[in-house]
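Its first residue numbered 2, the sequence shown is counted upward by one per residue in the working numbering.
Note that CB positions come from ideal geometry on N, CA and C, so glycine has one too.
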Amino acid sequence: MSNSLLVSYIEVDIVALVILMVLFINISYRTVYFKNEILYKVLIILIVMSILADIFAIVTETMTYSGAVALNYIADCVYFIGTLMVAYVFLGYIISVVHPQMTMFNYRMQLIFIPMYIFTVMTIASVKTGWIFTISEQNVYSRGEYHFLHPLISAIILSVAFFYALYHLRKGNMPADIGLYLVLLPLFPLGGVVLRHFLPSSNVIWVTCAIGMFLIFNSGQNSMIVVDSLTRLNNRSRADQYVDYKYEKLQPGKRLYLAMMDLNHFKEINDMFGHHVGDEALKEFAQILKDVCKGKDLFIARLGGDEFLLLAEKEERESIDRELMELKQKLQQVNADTKRSYKLICSIGVASVSYEGKAHMTVDKLRIRADHKMYEDKEKFHEHNISVINTSYGL
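Put into structure tokens, the structure is as follows:
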């Protein structure tokens with residue numbers, strides 16, 4: 002590679018690095034957060050690591066001092082393994098957005114990792130076998146006999162990610178705005194992988210990956226920055242969007258249950274102990290809510306202040322009753338076990354609508370009914386110092 006081509010190659014890598022670092026810093030220091038933020042950051046770190054390994058390998062190849070060959074081997078191993086992991090994390094990110102309760106790292110999904118495990122072993126073994134790549138005594142890189150496995154596996158995984166997102170978009174399993182971003186997301190690195198294979202001197206793969214990461218960021222700006230900064234629950238904007246979406250997609254034989262929750266005496270907690278204690282109370286309640294709903298097909302959100310929401314699509318009312326009763330019992334247990342000057346007690350109001358009942362109850366009426374039932378429950382608490390789950394199963 003000529004000096005001018007080398008400089009251009011590194012410049013493109015640096016541009017991609019700058020874009021990725023700006024995105025990483027922007028996400029890390031925001032007051033609101035991406036859903037799936039951890040996977041997003043892991044993806045950036047893996048891409049940055051692969052870019053640095055790519056630069057290091059190219060620069061090292063121009064050197065002839067003792068040890069340069071060994072360094073070149075290490076850099077190439079990091080590059081090949083890292084870039085393949087990027088493809089897998091792209092897939093994992095899409096799965097986590099479509100199905101928040103599902104993870105590709107579940108033991109049932111381990112088969113999909115077998116090609117990566119085999120390729121990793123072959124890459125490391127290339128030091129002796131030259132299967133994936135070789136480095137000559139003159140420190141010159143060459144592709145190995147099985148080098149094609151790298152773009153092949155990457156392309157297959159990214160294609161799976163594309164068709165997975167497309168399938169769930171067409172099935173209506175996610176809002177159209179989010180689905181469109183997820184469908185486009187794997188296409189950019191996929192194009193980069195193909196170009197890199199047929200044009201080895203091209204490093205457009207990193208620019209395409211950076212574009213993909215920007216797509217995630219942009220979708221986060223529009224739809225997926227959905228998390229309340231204090232409690233890390235879904236925020237009101239996301240809750241409004243999701244309730245509307247589930248209402249529109251409600252199927253025959255199912256009921257949509259909307260539970261509105263409000264902490265009792267929250268104003269007194271703030272007034273007597275300070276807002277910092279009030280914030281801790283909100284975070285503790287949110288964590289209890291997460292614990293109760295963990296692993297279940299339930300949507301939870303903080304609407305603002307001390308108001309929270311739970312949404313579920315169920316066939317029978319008993320299941321939602323059990324979840325809410327478990328929440329009440331968990332609060333009682335925490336209050337009994339925790340030594341503090343206040344208790345966490347919430348009022349709950351539940352409303353529901355069936356597929357057939359949508360003809361008579363709009364989504365706004367559903368919200369109003371649940372809210373009304375919650376305030377009825379709150380009035381009973383203040384009158385009798387009790388709190389009951391007040392439900393209206395409606396139409």
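Return the first residue and the last residue of the beta strand (DSSP E) that residue i is part of.
{"i": "Ser143", "result": "142–144"}
Could you please give the first and the last residue of the uninterrupted alpha helix (DSSP H) stretch that includes residue i?
{"i": "Leu7", "result": "4–29"}
{"i": "Met175", "result": "Segment: none, Met175 is in no alpha helix (DSSP H) and carries neither H nor E."}
{"i": "Asn204", "result": "Taken as a continuous stretch (DSSP letters only), Asn204 belongs to no alpha helix (DSSP H), as it is neither H nor E."}
{"i": "Asn73", "result": "69–99"}
{"i": "Thr61", "result": "38–61"}
{"i": "Lys291", "result": "276–294"}
{"i": "Ala240", "result": "237–249"}
Assign residue i to one of three DSSP states: helix, strand, or coil.
{"i": "Tyr258", "result": "strand"}
{"i": "Asn219", "result": "helix"}
{"i": "Lys381", "result": "helix"}
{"i": "Asp372", "result": "helix"}
{"i": "Val33", "result": "With a pLDDT of only 47 at Val33, under the threshold of 50, the placement of this residue in the model should not be trusted, and no figure is reported."}
{"i": "Ser365", "result": "In the sequence under discussion, the amino acid at residue 365 is Asp, which differs from the Ser named in the question. It is helical."}
{"i": "Leu188", "result": "helix"}
{"i": "Leu264", "result": "strand"}
{"i": "Pro253", "result": "coil"}
{"i": "Leu183", "result": "helix"}
For the putative contact between residue i and residue j, defined by C-beta atoms under 8 Å, what is the C-beta separation to the nearest angstrom?
{"i": "Ile154", "j": "Pro190", "result": "With a Cβ gap of about 13 Å, Ile154 and Pro190 do not count as contacting."}
{"i": "Tyr142", "j": "Ile133", "result": "About 11 Å; that fails the 8 Å criterion."}
{"i": "Ala302", "j": "Arg239", "result": "6 Å"}
{"i": "Tyr10", "j": "Ile59", "result": "6 Å"}
{"i": "Ser353", "j": "Leu257", "result": "6 Å"}
{"i": "Met64", "j": "Asn140", "result": "7 Å"}
{"i": "Val293", "j": "Leu251", "result": "In fact, because the Cβ distance is near 24 Å, the residues do not count as touching under 8 Å."}
{"i": "Leu186", "j": "Gly213", "result": "5 Å"}
{"i": "Tyr165", "j": "Ile95", "result": "6 Å"}
{"i": "Ala211", "j": "Ala17", "result": "4 Å"}
Write down every uninterrupted run of the beta strand (DSSP E) in the stretch 296–357 whose length is 3 residues or greater and which is fully enclosed by it, in chain order. For the beta strand (DSSP E) assignment, the uninterrupted runs of no fewer than 3 residues enclosed by the stretch 296–357 are, from N- to C-terminal side, 300–305, 308–315, 347–355.
Which full runs of the alpha helix (DSSP H) of 4+ residues lie inside the stretch 103–172, going along the chain? Taken in chain order, the complete alpha helix (DSSP H) segments of 4 or more residues contained in the stretch 103–172 are 115–130, 150–171.
So does the stretch 127–136 actually touch the stretch 192–199, counting three or more Cβ pairs closer than 8 Å? Judged by Cβ distances under 8 Å, the stretch 127–136 makes no contact with the stretch 192–199, as fewer than three pairs qualify.
Quick check: the stretch 306–324 against the stretch 253–272, are at least 3 beta-carbon pairs closer than 8 Å? Contact holds: three or more Cβ-Cβ distances are below 8 Å.
Taking 8 Å as the cut-off, does the stretch 201–212 touch the stretch 225–234 (at least 3 CB pairs, one atom from each stretch)? The stretch 201–212 and the stretch 225–234 do not touch, with fewer than three beta-carbon pairs separated by less than 8 Å.
At least three beta-carbon pairs within less than 8 Å, the stretch 93–101 to the stretch 68–83: They do not touch, by the three-pair rule.
For the stretch 19–30 against the stretch 41–49, are there 3 or more C-beta pairs whose distance is under 8 Å? Because the criterion of three Cβ pairs below 8 Å is met, the stretch 19–30 and the stretch 41–49 touch.
Does the stretch 336–343 come close enough to the stretch 269–287 that 3 or more CB-CB pairs lie under 8 Å? At 8 Å Cβ cutoff, the stretches touch.
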